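Chemist: Structure below; questions to follow.
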Amino acid sequence: FIMVGKQIEYLCCFLNSKLFRFCFIDNFPELQGGTRELRKIFVEKIPVKQVNDKINNQFKVLLHICVNLKKTKGKFIHLFVQIIEGLLFDLYFEEEMHSKDLSIMEYVEEDLANTKLQKVYNQMKEKDYLQLADELYKTWTDPFNEVRNRLKLFATRSPKLLAQILKTE
Numbered sequence: 001f002i003m004v005g006k007q008i009e010y011l012c013c014f015l016n017s018k019l020f021r022f023c024f025i026d027n028f029p030e031l032q033g034g035t036r037e038l039r040k041i042f043v044e045k046i047p048v049k050q051v052n053d054k055i056n057n058q059f060k061v062l063l064h065i066c067v068n069l070k071k072t073k074g075k076f077i078h079l080f081v082q083i084i085e086g087l088l089f090d091l092y093f094e095e096e097m098h099s100k101d102l103s104i105m106e107y108v109e110e111d112l113a114n115t116k117l118q119k120v121y122n123q124m125k126e127k128d129y130l131q132l133a134d135e136l137y138k139t140w141t142d143p144f145n146e147v148r149n150r151l152k153l154f155a156t157r158s159p160k161l162l163a164q165i166l167k168t169e
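Residue 9 in our numbering sits at position 9 of the sequence shown, and the numbers go up by one each step.
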């Protein structure tokens, strides 16, 4: 089946996340080679949170960065995947993330807004996303960056929930 909708980037991130695999993978029949059958009848039963355009835009930018890094065999794609996972945790475990001071959504939004690349994300080319990836990588690996520091605390501050999800392959 073909998925269509307004927040397709968010949905793509969700369906490819560790959170999705941890919570829902057993809902899909296993095929040969360890793959799963993703049929409409199974997907329709998954409780997917709705997001607004502002939140979807964060997923959109990060997804396009990951796609473009994958094309060029980008070495630091894992950081952007971790941030996508963190944003999903913010949406699905809001109370856990806030009570343990782990929420990253507002910091990711702020860091994206502070990038030098001021183009409209819809009009960006591959090289623009790679340039943005470089800039954000520098930001998110800075020892004083709040996103970086909170990502590092996920497993230790939430051993019963986030640590278990993060172990998922």
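Note that CB positions come from ideal geometry on N, CA and C, so glycine has one too. It should be emphasised that the depicted structure is a prediction, and the values quoted were computed from it without experimental measurement.
Given this structure, state the Cα-to-Cα distance separating Asn23 from Leu162, to the nearest angstrom.
Modeler: As a first step, residue 23 is located in the sequence shown; it is residue number 23 there, counting from the start. As a first step, residue 162 is located in the sequence shown; it is residue number 162 there, counting from the start. Residue identity check: residue 23 is Cys in the sequence provided, not Asn. Cα to Cα, Cys23 sits roughly 12 Å from Leu162.
Chemist: Buried or exposed: His98, going by 16 or more other Cβ atoms within 10 Å of its Cβ?
Modeler: Along the sequence shown, read from residue 1 onward, the residue named residue 98 stands at position 98. So His98 ends up on the exposed side.
Chemist: Measure the CB-CB distance between Val67 and Leu11 and report whether it falls below 8 Å.
Modeler: Within the sequence shown, numbered from 1, the residue matching residue 67 stands at position 67. Within the sequence shown, numbered from 1, the residue matching residue 11 stands at position 11. No; because the gap between Cβ atoms is not below 8 Å, this pair is not in contact.
Chemist: Does the beta-carbon distance from Leu62 to Ile165 come in below 8 Å?
Modeler: To locate residue 62, count along the sequence shown from 1; it is residue 62. To locate residue 165, count along the sequence shown from 1; it is residue 165. Taking 8 Å as the Cβ cut-off, Leu62 and Ile165 do not qualify as a contacting pair.
Chemist: DSSP has Arg36 in a bridge; who is on the other side?
Modeler: Here residue 36 corresponds to residue number 36 of the sequence shown, with the count starting at 1. Note: Arg36 sits in a beta bridge opposite Glu30.
Chemist: Going by C-alpha to C-alpha distance, which of Ile104, Asn114, Lys6, Thr156 sits closest to Asp53?
Modeler: In the sequence shown, residue 53 corresponds to position 53, counting from 1. For Asp53, the nearest C-alpha among the options comes from Lys6.
Chemist: Using a threshold of 8 Å, state whether the C-beta atoms of Phe185 and Leu102 are closer than that.
Modeler: Given that the chain is displayed from residue 1 to residue 169, the structure contains no residue 185 and the question cannot be resolved.
Chemist: What are the boundary residues of the alpha helix (DSSP H) that Ile8 is part of?
Modeler: Within the sequence shown, the letter at position 8 stands for residue 8. Looking at the DSSP string, the run of the alpha helix (DSSP H) that includes Ile8 is 8-15.
Chemist: What is the rounded straight-line gap between the Cα of Glu8 and the Cα of Gln32?
Modeler: To locate residue 8, count along the sequence shown from 1; it is residue 8. To locate residue 32, count along the sequence shown from 1; it is residue 32. Just to set this straight, residue 8 is Ile in the shown sequence, not Glu. About 28 Å.
Chemist: Using a 10 Å radius around the Cβ and a threshold of 16 neighbouring Cβ atoms, would you call Phe14 buried or exposed?
Modeler: Translated into the one-based positions of the sequence shown, residue 14 becomes position 14. When all chains shown are included, Phe14 counts as buried.
Chemist: With a 10 Å radius around its C-beta and 16 neighbouring C-beta atoms as the bar for buried, classify Glu95 as buried or exposed.
Modeler: Here residue 95 refers to the residue found at position 95 when the sequence shown is read from its first residue. Exposed is the call here.
Chemist: Which of the three DSSP states, helix, strand or coil, is assigned to Gln82?
Modeler: Start at 1 with the first residue of the sequence shown, and residue 82 comes out as number 82. Correct three-state label for Gln82: helix.
Chemist: With DSSP as the reference, label Thr156 as helix, strand or coil.
Modeler: By 1-based counting over the sequence shown, the position of residue 156 is 156. Here Thr156 sits in helix by DSSP.
Chemist: Just the Cα atoms here: how many angstroms apart are Gln50 and Tyr92?
Modeler: Against the sequence shown, residue 50 aligns to sequence position 50. Against the sequence shown, residue 92 aligns to sequence position 92. Taking the straight line joining both Cα atoms gives about 11 Å.
Chemist: Using the Cβ count rule (16 or more neighbours within 10 Å means buried), how would you classify Glu85?
Modeler: As a position in the sequence shown, residue 85 is number 85, starting the count at 1. Classification of Glu85: buried, given that the 10 Å Cβ count is 16 or more.
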